[in-house]
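Engineer: Let me begin by handing over the structure; questions about it come next.
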Amino acid sequence: MPTPVITRFAPSPTGHLHIGGARTALFCWAYARRHDGRFLLRIEDTDQARSSDEAARGILEDLAWLGIDWDEGPAVEIAGRTLGGDPRGVGPFFQARRLETYNAYLDWLIDRDLAYPAFDTPEELGAMRAEAEREKRTFRYARSASYDRGAAMARYRAGEACVVRLRLGDADVRVRDDVLGDIAFEREHIDDFVLRKADGFPTYHFAVVIDDELMGVTHILRGQEHLNNTPRHVALQQALRRLDNGEPFRTPVYAHLPLIFNPDNSKMSKRDKAKAARRAMKDAVAAGAQSAESIANAAGIDPAQAAAFLAGETDAPSLAEAIARVLGVSLPEIEVEDFRAGGYLPEVLVNYLALLGWNPKAKNADGTDLEKFDAAYLGERFDLPAIGKTASKFDRDKLRAFNFAAIQAMDDAQFAAVWRAWCARYDREVLARLGAEDGVSDRMLIAARAAKPRCNTLAEARGPVAFALIDNDAIVFDEKAVEKVLKKPTDAAKPELGTGAGFLRVMRTELDALSAFTPEAIDAWAKSFAESRGVGMGKVAQPLRVAITGGTVSPGLGETLALVGKASVLARIDRCVAKFA
C-alpha cells in the first residue's frame, strides 16, 4: 500500500454533478478515509467552450451537501464550513491555470521526438477515416513514414496552428485493474492520440496524467466508461519523466467502477431528461392537444429550437426543463441537484449510492443483509475487493423507501428544522404562509407533525398541508364530499341536528369560544362535542374537514384546524355554510 494513499475526483464543470460522478467521488473519499489518506478535488476545465465558474461552484456545493469533504482542492466556504486548501503546495487545482506546466512537459516530449506536431486538416482526417471504413478496419492515426520532422518543427515554431500527438511504440499496453483484473490492450487499437489541441489547451488525457503524477495521486477510482482511456494514460506515463528530479512517472493503482443503469438496462445519463421531455412533447402533439410551436411559445423558446429538440437533434437540458414545465412533466432525477430539489436527505442518498457497486458484506442482528449505514461506517469499511464488476441498477422506489424510513425516524422538531431548511432553498412560499421566515414557527411545527407520516421526501411535505397554504376563498369543494357530508342529515335518527352544513353553525359557535386553539385542545373539544350530541366523531370531523380543506381527507382534526388558525377556520366555516346550508 503506497503511503500516503491519495485519491482524487476530477469533474468537468459543465453542469451539476451527475449521480454517477457523485458515487465515484464518494468511493474515492471513502477509500482515502479507510486508509488514513487524503482525498483531492481537481477541476478539469480545459474545455473552454463548455466549462463555467458557475458549474464549478455548483459541483463544489453538491459535494459539500452530500458531506463529501475534500482535504485538498479549491478552498471555499460553504454553509459555514471551510473546505479544501493546498497544504502540500501541489495546486492550483483548476487545470486552466496549469498551462505553463503542461507546456513544459509537452516541450520535453517534443524535444525527444516522443510527441510531434500534426497539421492534418479536418478534411484530411475525414478521408483517412473513410478509407479505414472502406477497408473495414478501425481507424488508428499513426505518424506516416513520410513525415518530415524538420519541416513540421519549423511550422510549429513559426506558430502555425496544429495539434500535438504522442508518438506511441509498437508494444501492447497492459493494465492491472484492482476491480477487473489484468487487461491487455493491443497496439493496433491505440493510436497516436492528441496531447494538445489546436486552441493551445491540453486534452483530458495529457492533463490528467501530468496532474495525477505531480499531485501524488496513488489510486484512481473511476467509472468503467473510462476503461478505454487507461492504456493511453499508461502509455503516456511510461513515456514521461519528472522535470524536477528525472524520475519516471508512476502508474497509479486503477479501479474501474461498474456503470449505473436504469431499471430498463439503459445507462443512466443526463440524456434521460431529454428523452422524457421529448416523449411527452411527441404525445401532446400526436394527440392534437398542442402543437410544437405552441409548446415552444409557452416555454419561451425559439420554435426552431423546439423543432430540433423534437427531432432529437439536440438534448439541451435547458430545453428539456422548459418543455417539461409547460407540459407538467416530472423529469427523472439524474444530477445531485435533482435529488436535493426533490427532497431527498443527503445521508440517505450517500447510503444508497454506496450500495451501487459496493457490498458491505455484513449482516444485521436478524441475519438480513446490512443495507442501511452512515458515511462514517463506509469510511471505516470501504475497500476495493468488495466492488462488483457488473452494472448496478438505480432503483428509485428503493431510494424513496430509504428516504421515508429516515424521515419517520426523526422527531417532529428535527423534521420541521430539516423541512424548513429545504423550503428556504426551494419553496419559500411555505415559509411565508407558515410564518417561518426567521425560524421554525409553531404553525410550521404543527404542519411538520401533520405532514411527516405522509411524505416520502421533503418536497412531498407540502401536499398533506396544502389546504393551509392558500387563501380562505381559494378552497375548492369536492362535489361528492359536499353531497355526502354537508347536504344530508347529520344523523337520520336525530333530525333535530339538521344537515352537516347546518351542524357546522353549532360547531362554529363553540370553536369561536375556545380559549386555546391547539391540536390537543381542539381534539378534546371535538370528543366532548360528539359525546354531548350522541354522535360519532366522524359526524363532527367530516363536516369540518370539508369546510376547512374542501374534502374529507386531511391530517388529524386538531392539527388541521390549528394549522389553519382560528380566524381562518371561522371564515372558512362561514363561507361553507353560506354556500351549502
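For the sequence shown, numbering that gives the first Met the number 0 begins at 0 and goes up steadily by one.
Note that beta-carbon positions come from the ideal geometry of N, C-alpha and C, so glycine has one too.
Remember, predicted model here, so these are calculated numbers, not experimental data.
1) Please determine, among Leu503, Ala523, Val534, the residue with the shortest C-alpha to C-alpha distance to Ile572.
2) I need the DSSP call for Leu82, collapsed to helix, strand or coil.
3) Could you check what DSSP says for Ile259 in three-state terms: helix, strand or coil?
4) Taking 8 Å as the threshold (beta carbon to beta carbon), is Ala340 in contact with chain B?
5) Which complete alpha helix (DSSP H) runs does the stretch 4–56 hold, if anything under 4 residues is left out?
6) What residues in its chain sit with their C-beta under 6 Å from that of Ala458, if we drop five residues either side in the sequence?
7) What do you reckon, are the CB atoms on Ala467 and Val325 nearer than 8 Å?
8) Unbroken alpha helix (DSSP H) runs of length 4 or more, entirely within the stretch 189–265: which are they?
9) What residue range does the alpha helix (DSSP H) around Asp511 cover?
10) Check the C-beta distance from Val233 over to Thr250 and give it rounded, since I have them as a contact under 8 Å.
11) Could you tell me the alpha carbon to alpha carbon distance between Asp441 and Ala460, rounded to whole angstroms?
12) Confirm, please, whether the CB-CB distance from Asp176 to His255 is below 8 Å.
13) Figure out for me which residue from Ala153, Asp110, Arg49, Asp337 has the closest Cα to the Cα of Arg166.
14) Answer yes or no: do Ala95 and Gly84 have a C-beta to C-beta separation smaller than 8 Å?
15) With the cut-off set at 8 Å, would you say Arg588 and Asp314 are in Cβ contact?
16) Just list the residues that DSSP pairs Asp181 with in beta bridges.
17) Bridge partners for Ala117 per DSSP, in chain order?
18) Taking the Cβ atom as the reference point for each residue, do Ala151 and Pro116 lie within a distance shorter than 8 Å?
19) At what residues does the alpha helix (DSSP H) containing Pro73 begin and finish?
20) Looking only at its own chain, which residues have a Cβ that is under 6 Å from the Cβ of Leu307, when we skip the five neighbours before and after it?
21) Under 8 Å: do the stretch 428–445 and the stretch 386–397 share three or more Cβ pairs, one atom per stretch?
22) Between the C-alpha atoms of Lys360 and Pro384, what's the straight-line distance to the nearest angstrom?
23) Rounded to whole angstroms, how far is the Cβ of Gly14 from the Cβ of Glu320, which I believe are closer than 8 Å?
24) Between Ala276 and Ile209, how many whole angstroms is the CB-CB distance? I'm expecting something under 8 Å.
25) By the 10 Å Cβ neighbour count, where 16 or more other Cβ atoms means buried, how is Ala540 classified, buried or exposed?
26) For the alpha helix (DSSP H) that contains Cys422, what are its first and last residues?
27) Are the CB atoms of Arg241 and Glu212 within a distance shorter than 8 Å?
28) Rounded to whole angstroms, what is the Cα-Cα separation between Ala364 and Leu354?
29) State the DSSP-derived secondary structure class of Ser527, mapped to helix, strand or coil.
30) Is the separation between the beta-carbon of Leu59 and that of Leu348 shorter than 8 Å?
31) When burial is assigned at 16 or more other CB atoms within 10 Å of the CB, is Ala412 buried or exposed?
32) By a C-beta neighbour count over all protein chains shown, 10 Å radius and 16 as the cutoff for buried, is Ala54 buried or exposed?
33) Note the first and the last residue of the continuous alpha helix (DSSP H) segment covering Ala446.
34) Could you give the distance in angstroms between the alpha-carbon of Asp490 and the alpha-carbon of Thr508?
35) Within 10 angstroms of its Cβ, does Asn102 collect 16 or more other Cβ (buried), or is it exposed?
36) Taking 6 Å as the limit between beta carbons, can you name the residues of its chain near Trp357, skipping five residues before and five after?
Structural biologist: This is what the structure gives:
1) The sequence position of residue 572 within the sequence shown is 573, counting from 1. It is Leu503 whose Cα lies nearest to the Cα of Ile572.
2) Against the sequence shown, residue 82 aligns to sequence position 83. Annotated three-state conformation of Leu82 is strand, per DSSP.
3) For the purposes of this step, residue 259 is taken as the residue at position 260 of the sequence shown. DSSP places Ile259 in strand when its eight states are reduced to three.
4) As a matter of chain content, chain B is missing from the structure shown, which is built from one protein chain.
5) Correct list: 18–33.
6) Here residue 458 is taken as the residue at index 459 of the sequence shown, counted from 1. Contacts found: Gly341, Gly342.
7) Against the sequence shown, residue 467 aligns to sequence position 468. Against the sequence shown, residue 325 aligns to sequence position 326. Here Ala467 is not near Val325, since their CB atoms are 8 Å or more apart.
8) Complete alpha helix (DSSP H) runs here, min 4: 203–213, 229–238.
9) Taking the first residue of the sequence shown as 1, we reach residue 511 at position 512. 499–512 is the extent of the alpha helix (DSSP H) around Asp511.
10) Locating residue 233 in the sequence shown gives position 234, counting from the first residue. Locating residue 250 in the sequence shown gives position 251, counting from the first residue. Their Cβ separation, rounded to whole angstroms, is 6 Å, which keeps Val233 and Thr250 in contact under 8 Å.
11) Taking the first residue of the sequence shown as 1, we reach residue 441 at position 442. Taking the first residue of the sequence shown as 1, we reach residue 460 at position 461. Roughly 16 Å between the two C-alpha positions.
12) Numbered from its first residue, the sequence shown carries residue 255 at position 256. Numbered from its first residue, the sequence shown carries residue 176 at position 177. In this structure, Asp176 lies closer than 8 Å to His255 by Cβ.
13) What you label residue 166 is simply residue 167 of the sequence shown in a count that begins at 1. Closest option to Arg166, Cα to Cα, is Asp110.
14) Within the sequence shown, numbered from 1, the residue matching residue 95 stands at position 96. Within the sequence shown, numbered from 1, the residue matching residue 84 stands at position 85. The beta carbons of Ala95 and Gly84 sit no closer together than 8 Å.
15) Outside the shown range of the chain (0 to 580) lies residue 588, about which nothing can therefore be said.
16) Residue mapping note: residue 181 aligns to position 182 of the sequence shown, counting from 1. Under DSSP, the beta-bridge partners assigned to Asp181 are Arg175.
17) Within the sequence shown, numbered from 1, the residue matching residue 117 stands at position 118. Per DSSP, Val162.
18) Numbered from its first residue, the sequence shown carries residue 151 at position 152. Numbered from its first residue, the sequence shown carries residue 116 at position 117. Yes, the Cβ-Cβ distance between Ala151 and Pro116 is below 8 Å.
19) Residue mapping note: residue 73 aligns to position 74 of the sequence shown, counting from 1. Unbroken run through Pro73 is the beta strand (DSSP E), 72–77; no alpha helix (DSSP H).
20) Translated into the one-based positions of the sequence shown, residue 307 becomes position 308. The question names Leu, yet the displayed sequence has Ala at residue 307. So the list reads Thr313, once near-sequence residues are dropped.
21) Fewer than three beta-carbon pairs drawn from the stretch 428–445 and the stretch 386–397 are found closer than 8 Å, and the two stretches are therefore not classed as touching.
22) Taking the first residue of the sequence shown as position 1, residue 360 is located at position 361. Taking the first residue of the sequence shown as position 1, residue 384 is located at position 385. The straight-line gap from Cα to Cα measures roughly 11 Å.
23) Within the sequence shown, numbered from 1, the residue matching residue 14 stands at position 15. Within the sequence shown, numbered from 1, the residue matching residue 320 stands at position 321. That belief does not hold up - the Cβ atoms of Gly14 and Glu320 are roughly 12 Å apart, past 8 Å.
24) Against the sequence shown, residue 276 aligns to sequence position 277. Against the sequence shown, residue 209 aligns to sequence position 210. The beta-carbon distance between Ala276 and Ile209, rounded to whole angstroms, is 40 Å. This is too long to meet the 8 Å contact definition.
25) What you label residue 540 is simply residue 541 of the sequence shown in a count that begins at 1. When all chains shown are included, Ala540 counts as buried.
26) If you number the sequence shown from 1, residue 422 lands on position 423. Annotation: the continuous alpha helix (DSSP H) that includes Cys422 extends over 411–425.
27) As a first step, residue 212 must be located in the sequence shown, where it is residue number 213. As a first step, residue 241 must be located in the sequence shown, where it is residue number 242. Yes. Within cutoff.
28) Locating residue 364 in the sequence shown gives position 365, counting from the first residue. Locating residue 354 in the sequence shown gives position 355, counting from the first residue. Taking the straight line joining both Cα atoms gives about 19 Å.
29) As a first step, residue 527 must be located in the sequence shown, where it is residue number 528. Helix.
30) By one-based count along the sequence shown, residue 59 stands at place 60. By one-based count along the sequence shown, residue 348 stands at place 349. Taking 8 Å as the Cβ cut-off, Leu59 and Leu348 do not qualify as a contacting pair.
31) Working through the sequence shown from its first residue, we reach residue 412 at position 413. When all chains shown are included, Ala412 counts as exposed.
32) Stepping through the sequence shown from its first residue, residue 54 is reached at position 55. So Ala54 ends up on the buried side.
33) The residue labelled residue 446 in the question sits at position 447 within the sequence shown. 441–450 is the span of the alpha helix (DSSP H), which, as asked, contains Ala446.
34) Residue numbering aside, residue 490 sits at position 491 when the sequence shown is read from its first letter. Residue numbering aside, residue 508 sits at position 509 when the sequence shown is read from its first letter. Cα-Cα distance, rounded: 20 Å.
35) Along the sequence shown, one-based indexing puts residue 102 at 103. Of the residues assessed, Asn102 falls on the exposed side of the cut-off, its CB having fewer than 16 other CB atoms within 10 angstroms.
36) Numbered from 1 along the sequence shown, position 358 holds the residue referred to as residue 357. In the same chain as Trp357, and ignoring 5 residues on each side of it, the C-beta atoms closer than 6 Å to its own belong to Ala385, Ile386, in chain order.
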